[in-house]
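Presented below is the structure to which this report refers.
2 protein chains.
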Amino acid sequence: MTLDRLAASPQADRERAERILAAARELLTAWGYKRVTVDEIARRARIGKGTVYLHWKTKQALFAELLRRDLHKALGDVAADVGQDPSAALPGRLVREVFLRQAGDPVIRAVHAGDSEILGALAVSPNGVPVIQELGFHALLARLVEVWRAHGLVAVTAPAADQIYTIDAVLTGFITGGIAVPGEGLRPDHRADLLSHTIKAALETSAEPDEASLRAAARDVLAALIAARDALVA
Amino acid sequence: MTLDRLAASPQADRERAERILAAARELLTAWGYKRVTVDEIARRARIGKGTVYLHWKTKQALFAELLRRDLHKALGDVAADVGQDPSAALPGRLVREVFLRQAGDPVIRAVHAGDSEILGALAVSPNGVPVIQELGFHALLARLVEVWRAHGLVAVTAPAADQIYTIDAVLTGFITGGIAVPGEGLRPDHRADLLSHTIKAALETSAEPDEASLRAAARDVLAALIAARDALVA
DNA sequence: TGGATGACCAAATTTCGAAATTGGTCATCC
DNA sequence: GGATGACCAATTTCGAAATTTGGTCATCCA
Numbered sequence: 541m542t543l544d545r546l547a548a549s550p551q552a553d554r555e556r557a558e559r560i561l562a563a564a565r566e567l568l569t570a571w572g573y574k575r576v577t578v579d580e581i582a583r584r585a586r587i588g589k590g591t592v593y594l595h596w597k598t599k600q601a602l603f604a605e606l607l608r609r610d611l612h613k614a615l616g617d618v619a620a621d622v623g624q625d626p627s628a629a630l631p632g633r634l635v636r637e638v639f640l641r642q643a644g645d646p647v648i649r650a651v652h653a654g655d656s657e658i659l660g661a662l663a664v665s666p667n668g669v670p671v672i673q674e675l676g677f678h679a680l681l682a683r684l685v686e687v688w689r690a691h692g693l694v695a696v697t698a699p700a701a702d703q704i705y706t707i708d709a710v711l712t713g714f715i716t717g718g719i720a721v722p723g724e725g726l727r728p729d730h731r732a733d734l735l736s737h738t739i740k741a742a743l744e745t746s747a748e749p750d751e752a753s754l755r756a757a758a759r760d761v762l763a764a765l766i767a768a769r770d771a772l773v774a
Numbered sequence: 541m542t543l544d545r546l547a548a549s550p551q552a553d554r555e556r557a558e559r560i561l562a563a564a565r566e567l568l569t570a571w572g573y574k575r576v577t578v579d580e581i582a583r584r585a586r587i588g589k590g591t592v593y594l595h596w597k598t599k600q601a602l603f604a605e606l607l608r609r610d611l612h613k614a615l616g617d618v619a620a621d622v623g624q625d626p627s628a629a630l631p632g633r634l635v636r637e638v639f640l641r642q643a644g645d646p647v648i649r650a651v652h653a654g655d656s657e658i659l660g661a662l663a664v665s666p667n668g669v670p671v672i673q674e675l676g677f678h679a680l681l682a683r684l685v686e687v688w689r690a691h692g693l694v695a696v697t698a699p700a701a702d703q704i705y706t707i708d709a710v711l712t713g714f715i716t717g718g719i720a721v722p723g724e725g726l727r728p729d730h731r732a733d734l735l736s737h738t739i740k741a742a743l744e745t746s747a748e749p750d751e752a753s754l755r756a757a758a759r760d761v762l763a764a765l766i767a768a769r770d771a772l773v774a
């Protein structure tokens with residue numbers, strides 16, 4: 541998404557873009573989209589303001605790439621987990637990983653929570669569609685459910701649409717946190733365990749999956765994650 | 541919570557208070573707390589503005605009673621269900637009922653969702669505590685989990701605090717709805733079914749409860765609901 | 001000579017005092 | 001003596017002036 545235009549050297553050019561993105565990320569989590577000025581980003585990256593516009597056409601485009609970068613990394617990390625251990629492809633386990641990524645990254649959390657305070661103009665795309673949809677999260681979730689069903693990891697007696705909705709609602713509930721329970725007495729990884737257990741109980745088949753089908757499912761889940769990750773670059 | 545003060549007749553006085561509350565409820569759901577003026581309420585109730593202040597000391601006090609009234613009725617309704625059918629006391633069933641009440645009542649929904657757009661100054665009490673906590677929702681939930689555990693309807697292997705948190709998060713997730721899934725393609729009662737199934741799977745013991753303990757649990761659940769309801773009046 | 005820059009501009013946002021509105025009171029009136 | 005609406009202080013809204021900011025481009029070196 542960087543503008544095509546020659547620089548001193550492709551090497552230096554890329555490194556400069558990284559410096560700009562790093563400055564933008566810092567400011568975004570600290571101040572939120574609206575309060576961050578391009579001037580301030582340039583100052584932190586120790587370049588002129590005009591130089592920012594040699595890399596991105598608009599402020600929005602810059603932050604959109606920032607979002608894609610973070611999400612790209614998160615999806616890659618989750619995919620790596622699945623590659624390491626096939627059982628990480630199970631619904632409960634996978635949702636657990638997603639939860640922990642957002643707990644550890646303010647930007648990703650903002651996306652999942654639809655936090656317009658931080659996301660500002662990025663919260664909804666020009667078409668009025670929430671970024672998280674724009675970013676293909678729903679398509680990925682639908683694909684994952686499809687894979688899980690195909691490999692018998694979740695019950696096929698219930699409609700896939702219901703399972704998608706359930707996962708989305710439960711994940712959102714754990715991310716935003718409940719209303720009634722005061723304070724955050726629970727550690728993120730413990731909350732992740734509760735979420736994992738809930739998803740597992742609500743969706744996974746009671747029978748333990750055999751090694752072979754789990755391994756096959758993991759391969760498809762991995763492919764879906766990588767496909768979703770790579771789709772971000774397009 | 542009405543001010544103690546003599547009126548033409550206790551009968552007429554009470555009826556007038558009801559007219560005021562009805563007008564306030566209409567306006568609250570249509571415009572939200574902040575945009576509703578006491579003047580407009582009085583106009584709709586066809587009385588002078590000063591008369592409103594013969595019933596409540598402040599605008600906040602008026603709406604606080606409105607909230608309590610709606611919640612009082614909802615808790616009574618749920619209690620009635622449990623009285624009718626003991627199996628309505630099961631976690632999944634009970635949460636289902638709560639979900640349907642909030643789906644059907646804009647004021648209750650606003651309370652559960654923490655909708656400060658509608659609740660305005662009511663969203664948080666003067667102490668900065670969310671209304672829903674102030675209204676004892678957490679205490680009720682804790683008590684219900686305690687009862688369910690005592691009667692073997694939910695597993696006692698997991699800590700009660702975890703179960704309370706889980707119910708709260710899941711319920712909140714279903715009320716606010718997920719982020720990724722576009723549109724509301726699902727009917728409220730169908731969403732209620734999915735919620736019910738999720739809670740049941742995540743918390744209830746696998747063994748079907750015997751008639752006797754279910755009946756005993758229902759009695760305690762009923763008592764807890766009534767106690768929570770009556771606590772609103774204090 | 002072309003990549004980097006910051007002065008510059010139109011548009012959006014913030015400021016802040018004036019004007020209007022509103023929660024709450026109370027002298028007045030049936 | 002219960003009900004009322006004119007009235008008041010305090011808050012909110014309005015709006016125009018002042019400031020800020022996203023984005024451009026003539027200028028400047030390396």
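Chains as they are written, first to last, in the working numbering: chain A, 541 to 774; chain B, 541 to 774.
Glycine residues also receive a C-beta, built at the ideal position from the N, C-alpha and C atoms.
Since we're looking at a predicted model, the values are computed, not measured.
1. Compare the C-beta of V710(A) with all C-beta atoms of chain B and state if any pair is closer than 8 Å.
2. In three-state terms, what does DSSP make of P646(B)?
3. Does any residue of chain A have a CB that is nearer than 8 Å to the CB of P670(B)?
4. Can a CB atom of chain B be found closer than 8 Å to the CB of V761(A)?
5. Can you find a CB in chain B that lies within less than 8 Å of the CB of G692(A)?
6. Distance, Cα to Cα, L521(A) vs T569(A)?
7. Quick check: does the Cβ of D702(A) come within less than 7 Å of any heavy atom belonging to the ligand COA?
8. Tell me whether P749(A) sits in a helix, a strand or coil according to DSSP, three-state version.
9. Mind listing, in chain order, the continuous alpha helix (DSSP H) runs of no fewer than 4 residues lying wholly within the region 600-674 of chain A?
10. Which residue from G718(B), A756(B), P699(B) and A709(B) puts its Cα closest to that of D708(A)?
11. Is the separation between the beta-carbon of L735(A) and that of V622(A) shorter than 8 Å?
12. Where does A694(B) fall in DSSP's three states?
13. Per DSSP, which one or two residues make a beta bridge with E744(A)?
14. Just checking my contact of V618(B) with R584(B) at CB under 8 Å: how many whole Å lie between their CB atoms?
15. So, with DSSP's three-state summary, where would you put W571(A)?
16. Taking C-beta to C-beta, are Q703(A) and V685(A) nearer than 8 Å?
17. Can you confirm whether F505(A), when its beta carbon is compared against all beta carbons of chain B, has any partner nearer than 8 Å?
18. Do you know offhand how far I766(B)'s Cα is from L693(B)'s?
19. Run through DSSP, which three-state label would T598(B) get?
According to the structure data:
1. yes
2. helix
3. yes
4. no
5. no
6. Given a span of 541 to 774 for chain A in the structure shown, any question on residue 521(A) remains unanswerable.
7. This structure simply doesn't include the ligand COA, nor any ligand for that matter.
8. coil
9. 631-644, 646-653, 656-659 and 671-674
10. G718(B)
11. no
12. Note on identity: in this sequence residue 694(B) is Val, with Ala being the wrong assignment. If DSSP states are grouped into helix, strand and coil, V694(B) belongs with the strands.
13. V694(A)
14. Going by Cβ atoms, the distance from V618(B) to R584(B) rounds to 30 Å, so no, they are not a contact pair.
15. helix
16. yes
17. There is no way to answer for residue 505(A), as the model of chain A reaches only from 541 to 774.
18. 20 Å
19. coil
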